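Trainee:
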């Protein structure tokens, strides 16, 4: 037999799920995002039911939904900023690429990638070679999206440092050759 709390929660869910989805639809038209956030709000309500002291359930659900959708957009913005940063770093690497022989540059990148930790290397290769999204990588590797972002950031920093070091050595080499010819 179901408890009183379960039936009360079911009544809240049945009463407010659709209105919460409609409310979220004001922020985004992505039905998957709407359903995910609505589900997250109700799951959080259920999990924290003994800790929460709610006077107005409707106000609580709308506030929680609004906060979650704003957090979602903040995370999207952060992802876009990381992508813009990566593109900027890619442009820097492209400029370096023009200065150094292509095969040496590719060897340098491979050496840098191979020097990464196993998980960092896997995450980086899935992102760059398999073109998987951070969410897909997180699901496949059983880690959070934030850890995926951290691994990518670490990988890019190490690869960039390795390439800049290699470039510096090439510049010294070519300067030396040019002076002595």
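In the UniProt record's numbering, the protein residues as written are 1 to 181.
Note that the Cβ used here is the ideal one computed from N, Cα and C, for glycine as well.
All of these numbers come straight from a predicted model, not from anything done at the bench.
Which value, in whole angstroms, describes the spacing of the CA atoms of residue 28 and residue 75?
Mentor: 14 Å
Trainee: For residue 73, count the other beta carbons within 10 Å of its own beta carbon; 16 or more makes it buried, fewer makes it exposed. Which is it?
Mentor: exposed
Trainee: Return helix, strand or coil for residue 166, following the three-state DSSP convention.
Mentor: helix
Trainee: Which residue marks the beginning of the alpha helix (DSSP H) containing residue 136, and which one marks its end?
Mentor: 134-141
Trainee: Restricting to runs no shorter than 3 residues, where is the beta strand (DSSP E) found entirely within the region 35-98?
Mentor: none
Trainee: What does a CB cutoff of less than 7 Å around residue 12 pick up in its chain, not counting 5 residues either side in sequence?
Mentor: Excluding sequence positions up to five before and after residue 12, its CB lies within less than 7 Å of the CB of 57, all in the same chain and listed in chain order.
Trainee: Give every residue of the same chain whose Cβ lies closer than 7 Å to the Cβ of residue 82, excluding the five residues on either side of it in the sequence, and list them in chain order.
Mentor: 149
Trainee: For residue 15, does the three-state DSSP call read helix, strand or coil?
Mentor: helix
Trainee: Taking the alpha helix (DSSP H) that residue 26 belongs to, which residues open and close that run?
Mentor: That residue, residue 26, is in no alpha helix (DSSP H); it is neither H nor E in DSSP.
Trainee: In angstroms with no decimal places, state the Cα-to-Cα distance between residue 158 and residue 116.
Mentor: 8 Å
Trainee: Leaving aside the five residues before and after residue 138 along the sequence, list all residues of the same chain whose C-beta is less than 8 Å from its C-beta, in chain order.
Mentor: 144, 145, 147, 148
Trainee: What does the alpha-carbon distance come out to for the pair residue 105 and residue 112?
Mentor: If you draw a straight line from the Cα of residue 105 to the Cα of residue 112, it comes to about 11 Å.
Trainee: If distances are taken between C-alpha atoms only, which option among 142, 119, 110, 23 comes closest to residue 166?
Mentor: 110
Trainee: Pull up the distance between the alpha-carbon of residue 131 and that of residue 66, whole angstroms please.
Mentor: 32 Å
Trainee: Closer than 8 Å by C-beta to residue 60: which residues in its own chain qualify, once you throw out the five before and the five after it? Chain order, please.
Mentor: 45, 52, 54
Trainee: Is residue 127 helix, strand or coil by DSSP?
Mentor: DSSP, read as helix, strand or coil, puts residue 127 in helix.
Trainee: Select from 24, 140, 50 the residue whose C-alpha is nearest the C-alpha of residue 9.
Mentor: It is 50.
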